[in-house]
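*Asks:*
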Amino acid sequence: MFKKMVYYQRYHQWRKGDVPFVCENSKRVARPKLLFLVLLSFISFSFILAPLFFTSAPTLSLLYSFGFEDEGVVSKSDVYASVCSSVSNGSICCDRSSIRSDICVLKGDVRTDSASSRITLYRSNVYGSQVIGASGENDEIFQHEKIKPYTRKWEKSVMDTIDELDLVTKGENSAIHQKCDVQHDVPAVFFSTGGYTGNLYHEFNDGIMPLYITSQHFNKKVVFVILEYHDWWISKYENILPHLTEYPIIDFRGDNRTHCFPDAVVGLKIHDELTIDASLMGRNKTIRDFRDMLDRAYLPRIRGLIQEEEHETQLDMNISALSPSAKTKIETTEEKRDVKKPKVVIIARNDSRAILNEDSLVKMAEGIGFQVEVLRPQRTTELARIYRALNSSDVMIGVHGAAMTHFLFMRPDSAFIQIIPLGTDWAADTYYGLPARKLGLRYIGYKILPQESSLYNEYEKSDPVLTDPDSVNNRGWEFTKKIYLDRQNVRLNLRRFHKRLLRAYYYSMAKKNGRLHHQNQ
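Residue 384 in the UniProt record's numbering sits at position 384 of the sequence shown, with consecutive numbering throughout.
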């Protein structure tokens, strides 16, 4: 995952040797002559005015809509790829300009054929266009596009695993050969849940967030059609999906019926300011809107969980008269719910990058004054339970990895302590530290020393693995993964870590006292 994330940043940086607009002799800057300035101004002015004279009105509007931004929720021109913000009926428009994803818009009578991985758009026969191919008598194909609807376009290795769709345009007479089995009265969005789905980071970064952006245009009046459909994915995000669509989700491969839609979007729109790995989240209102949507999605289920716990507590109280041990259990539960104590949630890993002295960390946190909860998320863990635990916490602690994506579940102004193993500095800050700060969290990064890494006992003290992790990462992704991600655990220097935890405690107490003081007023 590390290399795949790094690649995106490097793509946007100048390569070595690229010197944009720099004079050969930096100590001497020649003053351009007046004639040169006049000529340059004329050329620039010509480029500005050229579209006015040589471009039709619809195309001109598309040119000027490109890159449009708004301070509020993502605009409609952002949802469809900008060059496809206005699409003529009976045509397909594809924007392939983004490094992250392709997106195609089909306007008109859209019909599916899962057996041939084809989506056909039927258009009026009076629509004038050049025929570019044919698939039989009176069955001309006027336009043919191919697309893999997954949001890691730049990463060939994973895109090779994604199913490809053929998008074609035919005349309306050909539609008699493809009758509709299911007629929908709202558009469709086609996307894939293949690739890195199964990794929480990628499920949000490459799936849920782009799906949120794309679906906002439709105000839930849209049908999701999924390639590489997974029942467990539907179950995992069952609380979120109803806030994006009001309609049943279709398994493209599993449902062989012909589904007909008035319009369709194939692919998901990536908005660089609403992805984790863009490290921007600069459009603060948009990320707040996404965060508010998560609150609305999980609140009903969280209320249900609370009622279940209250019911269990009531049963325990009924038994307590007969069982002293049950009474002790209730008292312990009430002690854990002491609202005066700030709550810290430790996200525990089940494989590599585990905290080897986790028990000692828990005792130290309790000694400082924290109420401590240890979470061990599994693939099957209900997200609502994790959401409830983190949304009610004051501090989250965890070692760098996909599970740190759970910082999205925390309330603004909460504290997030990320433990940064050797060799993961850049990724830890870029994909979790900086976005957490943008979300309004108090971020505290704890970069471990070589002595706190399990690798310290495997390598010589002067080995670059310990002394120069960047040089190891530069050797390639396979080295990063094998050494720093798969084989490294952490044994915290508790005396050193105590300072960070104490800082988070004082911060949390000050915040609680501030709220209590405000309530008393």
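Virtual Cβ for every residue (Gly too), placed ideally from N, Cα, C.
Do Asp263 and Leu485 come within 9 Å of each other at the CB atom, strictly closer than that value?
*Replies:* Here residue 485 corresponds to residue number 485 of the sequence shown, with the count starting at 1. Here residue 263 corresponds to residue number 263 of the sequence shown, with the count starting at 1. No.
*Asks:* Counting along the chain, where does the alpha helix (DSSP H) carrying Met159 start and finish?
*Replies:* As a working note, residue 159 is residue 159 in the sequence shown. Run containing Met159: Lys156 to Met159, per the alpha helix (DSSP H) assignment.
*Asks:* Could you check how far apart the C-beta atoms of Pro210 and Thr151 are, in whole angstroms? I think they sit under 8 Å.
*Replies:* Against the sequence shown, residue 210 aligns to sequence position 210. Against the sequence shown, residue 151 aligns to sequence position 151. Right, their Cβ atoms sit about 5 Å apart.
*Asks:* Please give me, in chain order, every unbroken run of the alpha helix (DSSP H) with length at least 4 that falls completely inside the region 85-131.
*Replies:* You should have found no qualifying run.
*Asks:* Can you tell me where the beta strand (DSSP E) with Glu366 in it begins and where it stops?
*Replies:* Translated into positions along the sequence shown, residue 366 becomes position 366. Careful: Glu366 lies outside any beta strand (DSSP E), inside the alpha helix (DSSP H) at Glu358 to Ile368.
*Asks:* Quick one: what's got a C-beta closer than 6 Å to Leu439's C-beta in the same chain, skipping five residues either side?
*Replies:* Stepping through the sequence shown from its first residue, residue 439 is reached at position 439. Once the five neighbours on either side are set aside, Leu439 has no close Cβ partner at all.
*Asks:* Helix, strand or coil, according to DSSP, for residue 553 in the structure here?
*Replies:* Missing from the structure shown is residue 553; the chain here goes from 1 to 521 and no further.
*Asks:* With Pro210 as the anchor, note down where its alpha helix (DSSP H) starts and where it stops.
*Replies:* Counting from 1 along the sequence shown, the entry for residue 210 is found at position 210. Met209 to Ser215 is the span of the alpha helix (DSSP H), which, as asked, contains Pro210.
*Asks:* Three-state secondary structure (DSSP) at Asp206?
*Replies:* The residue given as residue 206 occupies position 206 in the sequence shown. Helix, per DSSP.
*Asks:* Express the C-alpha separation of Lys341 and Asn513 in angstroms, rounding to a whole number.
*Replies:* Residue mapping note: residue 513 aligns to position 513 of the sequence shown, counting from 1. Residue mapping note: residue 341 aligns to position 341 of the sequence shown, counting from 1. Rounded to whole angstroms, Asn513 to Lys341 spans 11 Å at the Cα level.
*Asks:* In or out: Ala510 buried (at least 16 other Cβ within 10 Å) or exposed?
*Replies:* Residue numbering aside, residue 510 sits at position 510 when the sequence shown is read from its first letter. Exposed, since its Cβ has fewer than 16 Cβ neighbours within 10 Å.
*Asks:* Could you check whether the region 403-414 touches the region 376-391, counting it as contact only if at least three pairs of C-beta atoms, one from each stretch, sit closer than 8 Å?
*Replies:* The region 403-414 is in contact with the region 376-391.
*Asks:* On the criterion of 16 or more Cβ atoms from any shown chain inside 10 Å, does Ser508 qualify as buried, or is it exposed?
*Replies:* Position 508 of the sequence shown, counting from 1, holds the residue named residue 508. Looking at its Cβ environment, which holds 16 or more other Cβ atoms inside 10 Å, Ser508 is buried.
*Asks:* My assumption, with CB atoms under 8 Å, is that Thr193 sits in contact with Val223. Please give the rounded CB distance.
*Replies:* By 1-based counting over the sequence shown, the position of residue 193 is 193. By 1-based counting over the sequence shown, the position of residue 223 is 223. That pair is no contact at about 15 Å.
*Asks:* Spell out the partners DSSP gives Glu312 in its beta bridges.
*Replies:* On the sequence shown, position 312 is the one that residue 312 refers to. DSSP output for Glu312 lists no bridge partner at all.
*Asks:* Got a sec, what are the start and stop residues for the alpha helix (DSSP H) Leu385 sits in?
*Replies:* Taking the first residue of the sequence shown as position 1, residue 385 is located at position 385. First, the residue type needs correcting, since residue 385 is Arg and not Leu in the sequence shown. Note, Arg385: alpha helix (DSSP H), Leu383 to Asn391.
*Asks:* Is it the case that the Cβ atoms of Thr258 and Val186 are separated by a distance below 9 Å?
*Replies:* Taking the first residue of the sequence shown as 1, we reach residue 258 at position 258. Taking the first residue of the sequence shown as 1, we reach residue 186 at position 186. No.
*Asks:* Pick helix, strand or coil for Pro450, following the three-state DSSP scheme.
*Replies:* Residue 450 sits at position 450 when you count from the first residue of the sequence shown. Helix at Pro450.
*Asks:* What are the start and end residues of the beta strand (DSSP E) that includes Pro435?
*Replies:* Position 435 of the sequence shown holds residue 435. Where Pro435 is concerned, there is no enclosing beta strand (DSSP E), although the alpha helix (DSSP H) it sits in stretches over Leu434 to Lys438.
*Asks:* Please state whether DSSP places Gly514 in a helix, a strand or coil.
*Replies:* The residue given as residue 514 occupies position 514 in the sequence shown. Here Gly514 sits in helix by DSSP.
*Asks:* Can you give the Cα-Cα distance for Phe290 and His243, rounded to whole angstroms?
*Replies:* On the sequence shown, position 290 is the one that residue 290 refers to. On the sequence shown, position 243 is the one that residue 243 refers to. So the alpha carbons of these two residues sit roughly 11 Å apart.
*Asks:* Which stretch, first to last residue, makes up the beta strand (DSSP E) that contains Ala427?
*Replies:* What you label residue 427 is simply residue 427 of the sequence shown in a count that begins at 1. Where Ala427 is concerned, there is no enclosing beta strand (DSSP E), although the alpha helix (DSSP H) it sits in stretches over Asp425 to Ala428.
*Asks:* Below 8 Å, can you find three or more Cβ-Cβ pairs linking the region 355-368 to the region 491-502?
*Replies:* The region 355-368 vs the region 491-502: in contact.
*Asks:* Between Leu167 and Ile119, is the Cβ-Cβ spacing less than 9 Å?
*Replies:* The residue given as residue 167 occupies position 167 in the sequence shown. The residue given as residue 119 occupies position 119 in the sequence shown. Yes, Cβ-Cβ distance for Leu167 and Ile119 is below 9 Å.
*Asks:* So the beta strand (DSSP E) Val372 belongs to, where does it begin and stop?
*Replies:* Numbered from 1 along the sequence shown, position 372 holds the residue referred to as residue 372. Its beta strand (DSSP E) spans residues Gln371 to Leu375.
*Asks:* Look at His400 and Tyr432 and say whether their C-beta atoms are less than 9 Å apart.
*Replies:* The sequence position of residue 400 within the sequence shown is 400, counting from 1. The sequence position of residue 432 within the sequence shown is 432, counting from 1. In this structure, Tyr432 lies closer than 9 Å to His400 by Cβ.
*Asks:* Taking Ala384 and Leu305 to be in contact with their CB atoms under 8 Å, please state how far apart those CB atoms are, rounded to whole angstroms.
*Replies:* Taking the sequence shown and counting its residues from 1, one reaches residue 384 at position 384. Taking the sequence shown and counting its residues from 1, one reaches residue 305 at position 305. Contact flag correct, Cβ pair sits at about 7 Å.
*Asks:* What are the residues that DSSP puts in a beta bridge with Lys148?
*Replies:* As a working note, residue 148 is residue 148 in the sequence shown. Looking at the DSSP assignment, Lys148 forms no beta bridge with any residue, so it has no partner.
*Asks:* Pick out whichever of Thr286, Glu382 and Gly198 has its Cα sitting closest to the Cα of Ile302.
*Replies:* The residue given as residue 302 occupies position 302 in the sequence shown. Cα-wise, what sits closest to Ile302 is Glu382.
*Asks:* Write down the C-beta distance between Arg353 and Gln216 rounded to the nearest angstrom, noting that I regard them as a contact closer than 8 Å.
*Replies:* Residue numbering aside, residue 353 sits at position 353 when the sequence shown is read from its first letter. Residue numbering aside, residue 216 sits at position 216 when the sequence shown is read from its first letter. The pair is not a contact, with the Cβ atoms about 35 Å apart (cut-off 8 Å).
*Asks:* Determine the direct distance from the alpha carbon of Ala402 to that of Arg96, and round the result to whole angstroms.
*Replies:* For this step, residue 96 is matched to residue 96 along the sequence shown. For this step, residue 402 is matched to residue 402 along the sequence shown. Each residue's Cα considered, the two are about 29 Å apart.
*Asks:* Straight-line CA distance for Gln371 to Val345?
*Replies:* Sequence index remark: in the sequence shown, residue 371 carries index 371 (1-based). Sequence index remark: in the sequence shown, residue 345 carries index 345 (1-based). Their Cα atoms are separated by approximately 9 Å.
*Asks:* Measure the alpha-carbon distance for Ala297 versus Ala115 and round it to whole angstroms.
*Replies:* In the sequence shown, counting from the first residue as 1, residue 297 sits at position 297. In the sequence shown, counting from the first residue as 1, residue 115 sits at position 115. In a straight line, the C-alpha of Ala297 is about 35 Å away from that of Ala115.
*Asks:* Got a sec? Which residues, its chain only, sit under 7 Å from Ser471 by beta carbon, not counting five neighbours each side?
*Replies:* The residue given as residue 471 occupies position 471 in the sequence shown. The residues are Pro464.
*Asks:* Hey, Gly254 and Pro149: beta-carbon distance below 9 Å or not?
*Replies:* Residue mapping note: residue 254 aligns to position 254 of the sequence shown, counting from 1. Residue mapping note: residue 149 aligns to position 149 of the sequence shown, counting from 1. Not closer than 9 Å, so no.
*Asks:* Starting from the Cα of Asn357, find the closest Cα among Glu452, Arg376, Phe416 and Ser86 and give me that residue.
*Replies:* The residue labelled residue 357 in the question sits at position 357 within the sequence shown. Of the listed residues, the one whose Cα sits closest to Asn357 is Glu452.
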